[in-house]
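Read the structure below first, then the notes.
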Amino acid sequence: MFPAAATPRRELPPARAAEGTDRAEPAEQLSGTAQATAAPAPKSEGRNAFFDNAKYLAIVLVAMGHAWEPLTDGSRAAEAFYMTVYTFHMPAFIIISGYFSRSFDMRKDRLQRLVTGVAVPYVLFETAYAFFKRWADDDPGHPVSLLDPWFLTWFLVALFIWRLTTPLWKVVRWPIPLAVAIAVMASVSPDIGDDLDLQRVLQFLPFFVLGLALRPEHFKMVQRRAVRIASLPVFAGALLMAYWAAPRMSSAWFYHRDSAQELGTTWWIGAIMTLALFGCSIVMVACFFSWVPTRRTWFTVLGAGTLYGYLLHGFLAKGSRFWGWFDDYAWLHTPLGEIAVTLIAGGIVTALCTPPVRRVFRFAMEPTMAWAFRKDPADAARARVSA
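Here the sequence shown stands for residues 92 to 478, where the numbers follow my numbering.
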């Protein structure tokens, strides 16, 4: 039923998060009133608790997925949880990113935010990861290439491209079917290559376009009690299905990184799998959103720092493989060890989302870089008049 595939390198699709209560993140750059007008949940300090909660919970799942990956070869249960989480955590992030991109246009200030909030962190962390791999993996020849995103940085490239195409999706008649068609064509096109991880950019595109099409009432719909109750058997069924599929199906399908041919199957199976996974992901994202708290909680403030947790925890995630931690400590592969790894991963990424960490690394995540942009003559004239 499921096509087998050669097991490729596992890389986690990542996350994008808000960077502060006084400054919208690139995934939320609608306008000065983005959070005040777009959200279906209680607000605090100009932010929306629901979306901050969703981003924090998703980034915790991202870190846990990284922790589970070395355990999946010897644990069918770990593989089942891994595949289930991969069905929805990245699509959820991308849908939120699209939702908060609805008002993006080519206005000067928004383009500047796109550069400083997405492009600059990409350059800095792509370079940092390359040097880290050279040192930690004893691989001095590993290249520094901005055209070939490594590990987590692919999402920043994708977000940059998706954001720039936002005006196009606003004018086409059927944006979601068109985006799905593009994803299907990409999944059967092995010649696309690895530059800028375009396979992922195109195969994940429908989720971003779906986010552009959503409205506050759609998020309210999934918060209904009936949906929340129905999500329980759906999650249980997904876990059972993943447990059955674990030895029969490559989890590489969930990365959307390769074409069907590169995964060792035929083009028509790739088209079917792309459509099937899109449908499954939408259902699982709805179930996930139904259980996200809409009120302010102890972790709501951490939702503003998920970019920090996402990019910084990658060094530990990769370092644990380079240094052989999962090979040196056999107890990690026991049930208690798997639970411990899960809790440790959640705790680490939580700490990396906290305000003190954000203050230390703000220079890389949220640089102002006013020196890099031309001043608007109109702004200077208004300043002289007001003076």
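A virtual CB, placed ideally from N, CA and C, is assigned to each residue, including glycine.
1. Count the other CB atoms, across all protein chains shown, that sit within 10 Å of the CB of Asn323; report buried if there are 16 or more and exposed otherwise.
2. Count Cβ pairs between the stretch 358-372 and the stretch 409-419 that sit closer than 8 angstroms; are there 3 or more?
3. Between the Cα of Ser192 and those of Tyr213, Phe251 and Ala431, spot the shortest distance and give me the residue it belongs to.
4. Can the beta-carbon of Leu215 be found closer than 8 angstroms to that of Ala461?
5. How should Leu247 be labelled, buried or exposed, when 16 other C-beta atoms within 10 angstroms of its C-beta is the threshold for buried?
6. To the nearest angstrom, how far is it from the Cα of Phe142 to the Cα of Leu398?
7. Please determine, among Phe379, Arg453, Ala221 and Phe464, the residue with the shortest C-alpha to C-alpha distance to Asn144.
8. Give the secondary structure of Arg193 by DSSP, where H, G and I count as helix, E and B as strand, and everything else as coil.
9. What residue range is occupied by the uninterrupted alpha helix (DSSP H) comprising Met155?
10. Quick check on Asp349: buried or exposed, where buried means 16 or more other Cβ atoms within 10 Å of its Cβ?
11. Do Leu243 and Tyr147 have their beta-carbon atoms positioned less than 8 angstroms apart in this structure?
12. Do Tyr334 and Ala171 have their CB atoms nearer than 8 angstroms?
13. What whole-angstrom Cβ distance do His347 and Gln294 have, given they're in contact under 8 angstroms?
14. Give me the Cα-Cα distance between Gly156 and Tyr173, rounded to the nearest whole angstrom.
15. Run through DSSP, which three-state label would Trp389 get?
16. Is it right to say Leu238 is buried, meaning 16 or more other beta carbons lie within 10 angstroms of its own, or is it exposed?
17. Taking 8 angstroms as the threshold, find out whether the stretch 351-363 comes into contact with the stretch 295-313 through three or more Cβ pairs.
18. Does the beta-carbon distance from Ala272 to Leu296 come in below 8 angstroms?
19. Establish whether the CB of Trp422 and some CB of chain B are separated by less than 8 angstroms.
20. Please name the residue in Ala249, Arg204, Tyr177 and Leu152 whose C-alpha comes closest to that of Ala329.
21. Inspect the beta-carbon positions of Phe464 and Gln203 and report whether they are closer than 8 angstroms.
22. To which residues of the same chain is Ala149 closer than 7 angstroms at the C-beta, ignoring the five residues directly before and after it?
23. Leaving out five residues on either side along the sequence, give the residues of the same chain with a beta carbon under 7 angstroms from the beta carbon of Pro426.
24. Can you give the beta carbon distance from Leu407 to Ile430, rounded, assuming they're within the 8 angstroms contact cut?
25. Give me, in chain order, the residues of the same chain whose beta-carbon lies closer than 7 angstroms to that of Thr128; leave out the 5 immediate sequence neighbours on both sides.
26. Starting from the C-beta of Val432, find all residues in its chain whose C-beta is less than 8 angstroms away, skip the five residues before and the five after it, and write them out in chain order.
27. Measure the Cβ-Cβ separation of Gly189 and Gly302 and say whether it is below 8 angstroms.
28. Considering just the uninterrupted stretch of the alpha helix (DSSP H) at Gly405, what are its terminal residues?
29. Tell me whether Phe222 is buried or exposed, calling it buried when 16 or more other Cβ atoms sit within 10 Å of its Cβ.
30. Which class does Glu217 belong to by DSSP, given the choice of helix, strand or coil?
31. Tell me the DSSP secondary structure of Val347 in three-state form.
32. By DSSP, does Phe172 sit in helix, in strand, or in coil?
33. Are there 16 or more other CB atoms within 10 angstroms of the CB of Ala169, so buried, or fewer, so exposed?
34. Could you work out which residue in Ser236, Ser341, Trp226 and Val300 is closest to Tyr213 when comparing CA atoms only?
35. Any heavy atom of the ligand NAD closer than 7 angstroms to the Cβ of Pro240?
So, to answer that:
1. The question names Asn, yet the displayed sequence has Leu at residue 323. Exposed is the label assigned to Leu323, since fewer than 16 other Cβ atoms lie within 10 Å of its Cβ.
2. Taking a cut-off of 8 angstroms for Cβ pairs, the stretch 358-372 and the stretch 409-419 do not touch, as fewer than three such pairs fall below it.
3. Comparing Cα positions, the closest option is Phe251.
4. The criterion of a C-beta distance shorter than 8 angstroms is not satisfied by Leu215 and Ala461.
5. The residue is buried, with at least 16 neighbouring Cβ atoms inside 10 Å.
6. Looking at the two C-alpha atoms, the distance is approximately 14 angstroms.
7. Among Phe379, Arg453, Ala221 and Phe464, the Cα nearest to that of Asn144 belongs to Phe379.
8. Correct three-state label for Arg193: coil.
9. Per DSSP, Met155 belongs to the alpha helix (DSSP H) from Ala140 to Trp159.
10. Classification for Asp349: buried.
11. No, Cβ-Cβ distance for Tyr147 and Leu243 is not below 8 angstroms.
12. Against a cut-off of 8 angstroms, the Cβ pair of Ala171 and Tyr334 comes out as a contact.
13. The C-beta distance from His347 to Gln294 rounds to 4 angstroms, short enough to fall under 8 angstroms.
14. A direct Cα-to-Cα measurement between Gly156 and Tyr173 gives close to 6 angstroms.
15. It is coil, neither helix nor strand.
16. The residue is exposed, with fewer than 16 neighbouring Cβ atoms inside 10 Å.
17. Touching, no.
18. In this structure, the beta-carbon distance from Ala272 to Leu296 does not fall below 8 angstroms.
19. As a matter of chain content, chain B is missing from the structure shown, which is built from one protein chain.
20. Residue nearest to Ala329 within the set Ala249, Arg204, Tyr177 and Leu152 is Tyr177 (criterion: CA-CA distance).
21. Their beta carbons are under 8 angstroms apart, which means Phe464 touches Gln203 by this criterion.
22. Within its own chain, the residues whose Cβ lies closer than 7 angstroms to the Cβ of Ala149, once the five positions on either side in sequence are excluded, are Ala106, His180, Ala183 and Phe184, listed in chain order.
23. For Pro426, where only same-chain residues beyond five positions count, there are no Cβ hits under 7 angstroms.
24. At roughly 18 angstroms, the Cβ-Cβ gap does not stay under 8 angstroms, so Leu407 and Ile430 are not in contact.
25. Unreliable placement is indicated for Thr128, whose pLDDT of 37 sits below 50; no coordinate value is reported for it.
26. Ala158, Trp159, Leu162 and Leu423, listed in sequence order.
27. Judged by beta-carbon spacing, Gly302 lies within the 8 angstroms limit of Gly189, meaning their Cβ atoms are closer than that value.
28. Counting along the chain, Gly405 sits inside the alpha helix (DSSP H) bounded by residues Thr397 to Phe413.
29. Counting Cβ neighbours within 10 Å, Phe222 comes out exposed, since fewer than 16 surround it.
30. Helix at Glu217.
31. According to the sequence provided, residue 347 is His. The question's Val does not apply to it. Shown here, His347 sits in coil according to DSSP, grouped into three states, outside any helix or strand.
32. Three-state result, Phe172: helix.
33. Buried, because 16 or more other Cβ atoms sit within 10 Å of the Cβ of Ala169.
34. Nearest C-alpha to Tyr213 among Ser236, Ser341, Trp226 and Val300: Ser236.
35. Ligands displayed in this structure: none; no statement on the ligand NAD is therefore possible.
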